[in-house]
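Shown next, in structure tokens, is the structure this report addresses.
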Amino acid sequence: MTQAIPHEHLPDDILQTEIRQILDLGVKVEYNCDITRKKFDNLYKSFDGLVIAIGALKPRIPEFNGNEKAVSALEYLTSSNNRQP
38 MTQAIPHEHL PDDILQTEIR QILDLGVKVE YNCDITRKKF DNLYKSFDGL
88 VIAIGALKPR IPEFNGNEKA VSALEYLTSS NNRQP
């Protein structure tokens with residue numbers, strides 16, 4: 038997010054505070070890990086929501102049931118910033 042949103046729109050100190058608040062709610066975050074099909078399926082079945090942020094420069098939506106509703110992070114941020122659904 039620090040790369041996608043201009044700092045004048047979301048200062049780093051505010052972003053860090055909000056990240057801490059989200060983590061304090063119990064959100065689980067894993068960094069630098071491989072997502073195999075088996076691991077994805079297990080995660081998908083185990084949680085109410087799932088975000089996979091792969092950090093790619095070009096968006097790619099993984100294949101899974103319900104992926105037709107998925108949007109890339111950049112697409113979401115762009116439409117959100119433009120106040121589009």
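Counting from 38, one number per residue, gives the positions in the sequence shown under the numbering used here.
The beta-carbon is built from N, C-alpha and C at its ideal position, and this holds for glycine as well.
These numbers come from a predicted model, not from an experiment.
Alpha carbon to alpha carbon, how far is residue i from residue j?
{"i": "K65", "j": "F84", "result": "10 Å"}
{"i": "Q53", "j": "L60", "result": "11 Å"}
{"i": "S109", "j": "I72", "result": "17 Å"}
{"i": "E55", "j": "R74", "result": "31 Å"}
{"i": "N102", "j": "H46", "result": "35 Å"}
{"i": "K95", "j": "L62", "result": "31 Å"}
{"i": "D49", "j": "N104", "result": "31 Å"}
{"i": "K76", "j": "S116", "result": "30 Å"}
{"i": "L58", "j": "Y81", "result": "Looking at the sequence itself, residue 58 is Gln, so the reference to Leu does not match. So the two alpha carbons sit approximately 24 Å from each other."}
{"i": "I51", "j": "G86", "result": "24 Å"}
When you compare the CB positions of residue i and residue j, do they come within less than 8 Å of one another, or not?
{"i": "A107", "j": "I98", "result": "yes"}
{"i": "L111", "j": "I42", "result": "no"}
Give the range of the alpha helix (DSSP H) segment to which residue i is assigned.
{"i": "N79", "result": "74-83"}
{"i": "I51", "result": "49-61"}
For chain C, find out if any of its Cβ atoms is closer than 8 Å to the Cβ of residue i; answer yes or no.
{"i": "F84", "result": "Protein chains in the displayed structure number just one, and chain C is not present."}
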